[in-house]
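**Student:** Residue numbering for the sequence shown follows the working numbering, starting at 106 and increasing by one per position. We treat Cβ as the ideally placed atom computed from N, Cα and C, and that holds for glycine. Below are the structure tokens for one structure; questions will follow.
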Amino acid sequence: GVRSIEHGTYLNDESIRLMVEHGTFYVPTIYVGDYYAGTDKLLAQEKNDDAYLSYRDEWLAKIGRAHAAGVKVVVGVDLGGYNIEPEAYAREFAALIEAGLSPMAAIQAGTSVSADLLQWSDRVGRIQSGLFADLIAVPGNPLEDISVLEAPSFVMMSGKVVKPVQ
């Protein structure tokens, strides 16, 4: 079977129904399109910003419908395949909220639901005794302003502080 669908640009109600029925995860990867629209960057492909931008609202609506129907949405940003800034991961949360996820559901899409997709929920994805945890602190409440995730003031990886509070 298929464990996850990436991008899923052409989702329809039947594919959403099947994803729910089979527990298929959905990794829409919205921000990579947003990043390249309006720039001159796009490796060896011909760009069509107008086509992307004209379809974007419809795609976001499909993502929202999929999530509302019970599809498990996961954060993804194609960082390995494109030369985009590391903040792209944080900006994907805002795109998911724009698609209709709550701020908490968007954060879970990048943490616990991602761990579930990878079948690593016994190791990562939650702040829980016995699990590995990389943690960040941000200068605000991401449930009120998700953009605070773009500039963490504190980062701890594998129990070591790698970016202290300024």
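In the structure shown, what three-state DSSP assignment does residue 119 receive?
**Tutor:** Helix at residue 119.
**Student:** According to DSSP, is residue 236 part of a helix, a strand, or is it coil?
**Tutor:** Of the three classes helix, strand and coil, the one that applies to residue 236 here is coil, per DSSP.
**Student:** Between which residues of its own chain and residue 266 is the CB-CB distance below 8 Å, once the five residues before and five after are set aside?
**Tutor:** These residues qualify, in order along the chain: 259, 260.
**Student:** Roughly how many angstroms lie between the CA atoms of residue 121 and residue 247, to the nearest whole one?
**Tutor:** Each residue's Cα considered, the two are about 28 Å apart.
**Student:** Run through DSSP, which three-state label would residue 109 get?
**Tutor:** Strand.
**Student:** Can you look up residue 256 in the DSSP assignment and give me helix, strand or coil?
**Tutor:** Residue 256: coil per DSSP, three-state reduction.
**Student:** Give me, in chain order, the residues of the same chain whose beta-carbon lies closer than 8 Å to that of residue 123; leave out the 5 immediate sequence neighbours on both sides.
**Tutor:** Contacts found: 129.
**Student:** With a threshold of 16 other CB atoms inside 10 Å of the CB of residue 127, please say whether the residue is buried or exposed.
**Tutor:** Exposed, because fewer than 16 other Cβ atoms sit within 10 Å of the Cβ of residue 127.
**Student:** Given that a residue counts as buried once 16 or more other Cβ atoms are within 10 Å of its Cβ, and exposed if not, what is residue 219?
**Tutor:** Buried, since its Cβ has 16 or more Cβ neighbours within 10 Å.
**Student:** Just tell me which of 206, 231, 184 has its CA closest to the CA of residue 177.
**Tutor:** With distances taken between Cα atoms, residue 177 lies closest to 206.
**Student:** From this set, 117, 113, 223, which residue's C-alpha is nearest residue 134's C-alpha?
**Tutor:** The option with the nearest alpha carbon to residue 134 is 113.
**Student:** Hey, quick one: how far does the beta strand (DSSP E) through residue 267 stretch, first residue to last?
**Tutor:** Element bounds for residue 267: 265-268.
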